[in-house]
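Chemist: I'd like to ask you about the structure that follows.
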Amino acid sequence: MKYAIGEIILVVIGILIALQINTWNENQKKKNLIRAYAASLISDLQADIKEVKIIKGQIEKSIIRIDSLANYVRAKQINEISNLTLVPFSMGDYTYRPYSWNRATIDELKISGALRHKGNESLSAKIVSYDAFSKHLEEDFTADSQMTANVSRLADNIINLNYSNFEELKFYMNTNNSILEYDFSASEAYRKAEQENLKLLTDDINKINELTNGCIKLRMFLSIRANGELPRFLKQAEEIIDLLESNYIN
Numbered sequence: 009m010k011y012a013i014g015e016i017i018l019v020v021i022g023i024l025i026a027l028q029i030n031t032w033n034e035n036q037k038k039k040n041l042i043r044a045y046a047a048s049l050i051s052d053l054q055a056d057i058k059e060v061k062i063i064k065g066q067i068e069k070s071i072i073r074i075d076s077l078a079n080y081v082r083a084k085q086i087n088e089i090s091n092l093t094l095v096p097f098s099m100g101d102y103t104y105r106p107y108s109w110n111r112a113t114i115d116e117l118k119i120s121g122a123l124r125h126k127g128n129e130s131l132s133a134k135i136v137s138y139d140a141f142s143k144h145l146e147e148d149f150t151a152d153s154q155m156t157a158n159v160s161r162l163a164d165n166i167i168n169l170n171y172s173n174f175e176e177l178k179f180y181m182n183t184n185n186s187i188l189e190y191d192f193s194a195s196e197a198y199r200k201a202e203q204e205n206l207k208l209l210t211d212d213i214n215k216i217n218e219l220t221n222g223c224i225k226l227r228m229f230l231s232i233r234a235n236g237e238l239p240r241f242l243k244q245a246e247e248i249i250d251l252l253e254s255n256y257i258n
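Okay, so the sequence shown: first residue is 9 according to this note's numbering, each after it adds one.
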């Protein structure tokens with residue numbers, strides 16, 4: 009009888025040890041999975057940060073271009089405004105490239121709930137906020153693109169682009185090229201185009217003012233993106249990376 013009881017105790021102890029080992033193995037699997045998710049999310053966030061910094065730079069150059077247009081036409085009469093000078097300022101090319109988020113890991117986390125265990129409340133909240141903010145920025149892009157399209161339509165009725173060296177002039181129309189970095193009026197492209205003496209498509213100063221007003225309104229929203237929303241978004245991404253690295257990587 010004593011031997012039977014001893015065998016039972018040994019069996020129970022063996023079962024408990026096996027359960028502990030199994031629990032430890034499961035915990036290790038979960039930790040490894042979370043660590044893999046964390047590393048993948050960090051990579052996605054770093055790619056997003058790089059993308060947003062490029063877009064922020066594009067927006068800042070668009071703001072400079074709009075300011076240059078407003079300064080040029082301010083207080084001028086229609087006969088004082090040069091068609092050629094307006095070409096690089098008011099093509100309506102003030103848009104920025106669409107966001108291309110790296111959402112694969114966040115989408116997986118939503119499904120798996122891998123970070124929804126005790127102690128991750130702050131991190132989970134930041135990830136949810138980040139995801140929502142990225143969608144808000146997409147809505148901003150749509151609104152900004154619509155305003156840019158309106159500016160472009162106004163410009164189409166004002167500026168004559170029928171220059172024989174139009175392909176050369178396009179360099180100065182691209183918002184990726186800051187007009188402060190290049191002296192358009194001193195360029196060879198400008199000198200060639202100037203000889204053709206093309207005139208504005210309108211003699212109505214109000215159309216110039218409408219174009220300028222449209223650009224200034226767009227500038228107001230672009231400034232919100234460049235000086236408010238995008239820096240806040242970048243800060244959120246960096247905070248999440250710091251939390252992921254401190255909790256799961258380091």
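Beta carbons: idealized from backbone N, C-alpha and C, even for Gly.
#1: Closest to R73 by C-alpha separation, out of D115, Q66, F97 and L169, would be which residue?
#2: To the nearest angstrom, report how far apart Q54 and I249 are at their CA atoms.
#3: Below 7 Å between beta carbons: does that hold for I166 and K215?
#4: Could you check whether N87 and L208 sit closer than 7 Å to each other, using their CB atoms as the reference points?
#5: Go through its chain and collect everything with a Cβ distance to L6's Cβ below 8 Å, but skip five positions before and after it.
#6: Over the uninterrupted alpha helix (DSSP H) stretch that includes I135, give me the two end residues.
#7: On the CB-based measure, 16 or more other CB atoms within 10 Å of its CB, does A197 come out buried or exposed?
#8: Taking V60 as the reference, which of E218, M181 and P239 has the closest Cα?
#9: Can you tell which of S130, S132, I89 and T93 has the C-alpha that lies nearest to the C-alpha of M181?
#10: Since I believe S70 is in contact with Y107 (beta carbons under 8 Å), could you give me their beta-carbon distance rounded to a whole number of angstroms?
#11: Assuming L162 and G222 are in contact, meaning their beta carbons sit under 8 Å apart, how far apart are those beta carbons, in whole angstroms?
Modeler: Straight from the coordinates:
#1: F97
#2: Whole-angstrom Cα-Cα distance: 8 Å.
#3: yes
#4: no
#5: Here the chain comprises residues numbered 9 to 258, so residue 6 is not present and cannot be evaluated.
#6: E129 to D164
#7: buried
#8: P239
#9: T93
#10: Not really, about 16 Å apart at Cβ, beyond 8 Å.
#11: 6 Å
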